[in-house]
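Going by UniProt numbering, the first residue of the sequence shown is number 1, and it counts up by one from there.
Note that the Cβ used here is the ideal one computed from N, Cα and C, for glycine as well.
The next block holds one structure in the form of structure tokens; read it before the comments.
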Amino acid sequence: MARRARASLASLLVGSAAALAVGEVEFGKVLWSYETGDSVASSPTLDSQGNLYFGSVDGFVYSLSGDGDLRWRYDTGDWVDSSPALSRDESALYVGNWGDRLLALNAASGALLWSFDTDSLIYASPAVALDGTVYFGSSDGYLYALRPDGSLKWEFEVGGELDSSPAIDAAGNVYVGSSSGLVTSVSSAGVERWTWEVPFEIGSLGREFGVTSSPMLTSEGHVVFGCQNYFLYALDAANGELRWKYETEGILEGSAVEGMGRSCVVVGRDGYLYSLSWDGVLNWKTFVGANYYSTPCVDGMGRIYAGVLNGETAGSVLALSADGLALWRTDFGSFVDSSPLLAPDGTLYVGNNDGRLYAVEGGDKLASLGWSSFRGGDSQRGSLQGYVDMTGVPSELRVKAKSIEGTDRLTVDYEVSGGGPLKVEIRALGTNFQEATELSRYALSVSGGSGVMAFVEASLPLQEREEGRIVGWLEPGVYEIESVNESTDRAAFFQEVQVR
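In structure tokens form, the structure reads like this:
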């Protein structure tokens, strides 16, 4: 696969925004920027304290506070396109560089813990499993598994160049694409489960067939990825069989993410942002501008944020509604290869070819979906949290509801602990109940002045605890929030929740 050529650092221009002002919040406004020594194609990573981690073509890995102040930087000696991934306890940061090394840094200080040499450049981002194993691909065609101390666990030859970042499912199986047109699944022990080869498609003569897009994993057991032949594919994660395919109008090198309503969202070089159903049927498409490597992200209200080209050399970050309507745009002086990321406070972080990392007013946190951003979430671990059957273990439900003063927005936080199959309904009862956009991945239904805000049905996660947030929009009034755990017939009521 031909490597992209890096131009010299573009002139540094502060982002300008076609912003949307709501109340005192100006969505799309640049809050701050931090200048590095060269292009920032690496996508930022966020820890639980709000600290940021990202790489630059100047060879450094940077850590900033949420306010944009430098915490530390580490010189890796060569370009860093790879997006860093945090260990499960957030003590270590893993990142690859064009100097053929996978490095582990102390996340607090930036000190080098260890490095692993592959003798070939590392463009893709690492993934971190629940047991701490670090998976990454290299341009030598091998998928590597390292222990947390940096020792080699195993290596598996896929072939081609592995510019696709690996993804890990709940059972620990790994999925990765190759420039040779292969998508391979390997068990946590390094044993091949299946390999799928991109087929020749009618009308695709003369197109490349490499897979540089990183796989997205769905809770339904699908592996979704784009291809240079213009197609988006979904395979059965269990056996590698094709479930569906959709032909776009351009090369797909950015990754798909999960949107609201059980949908796949992806942007291609043809300039369109596509929303497809879970079965591969087009919901809608909107022209936003050409995209090369940047992957969109989705917030808790279903809004989509995408980095795109704006003209020949400039770039933008756009915000769209869940149904594809443009909301606002922030323009930069150079193109965007970095994938945007949302923080819990709604700040949107994105790198730019002008050498800066930008913080932009986004408005809401990352959606609590299975795979709502590049690498699955803000820690960039590339893993899908799964569920296990813990039948017979008692389960408990705690629900907390509150309104946000001065708005018609109501949030319901829930926490589940224990185990066992669980069915939970969260209902809003009272005056002025209105139908709203789908909440998280759970549909809202309205009947006779009251409605089910959300329905959750699953066994508890591996860590025996689940937290989530469901957001609804209500007209001013007084509400009673009722949660019902159908597995145990337990109910909790929150009376006189005021929406002003």
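Nearest to P344 by C-alpha distance, out of D299, R375 and V61, is D299. For S63, the enclosing beta strand (DSSP E) has its first and last residue at F60 to L64.
Between the region 86-94 and the region 31-44 there are fewer than three C-beta pairs closer than 8 Å, too few to call the two in contact. Between the region 324-337 and the region 350-359 there are three or more inter-stretch CB-CB distances shorter than 8 Å, so the stretches are counted as touching. Residue ranges of uninterrupted beta strand (DSSP E) with 3 or more members, entirely inside the region 252-325 and ordered along the chain, are 257-259, 263-267, 272-277, 282-287, 304-310 and 314-320. Counting C-beta pairs with one atom in each stretch, the region 180-187 and the region 143-158 have three or more that are closer than 8 Å, which means they touch. Secondary structure of R147 (DSSP, three-state): coil. Following the DSSP letters along the chain, one finds T184 inside the beta strand (DSSP E) bounded by residues L182 to V186.
Cβ contact annotation for L70 (same chain, cutoff 8 Å, sequence separation greater than five): Y34, Y62, S63 and L64, in chain order. Counting along the chain, T195 sits inside the beta strand (DSSP E) bounded by residues E192 to E197. The region 153-184 is shown to contain no whole alpha helix (DSSP H) run of 4 or more residues.
Membership of W32 in the beta strand (DSSP E) is indicated by the continuous run V30 to E35. Taking the Cα positions, L232 is about 40 Å away from A111. Between N291 and G324 a beta carbon distance of about 15 Å is seen, past the 8 Å cut, so the two are scored as non-contacting. Cβ-Cβ distances below 7 Å link L31 to T347, A359, V360 and E361 in the same chain, with the five nearest sequence neighbours on each side left out; the list follows chain order.
In the structure shown, the three-state DSSP call for R207 is coil. A straight line joining the alpha-carbon of P296 with that of S115 spans about 30 Å. In the three-state reduction of the DSSP assignment, G55 falls in the strand class.
The C-beta distance from S82 to N97 rounds to 7 Å, short enough to meet the 8 Å contact threshold.
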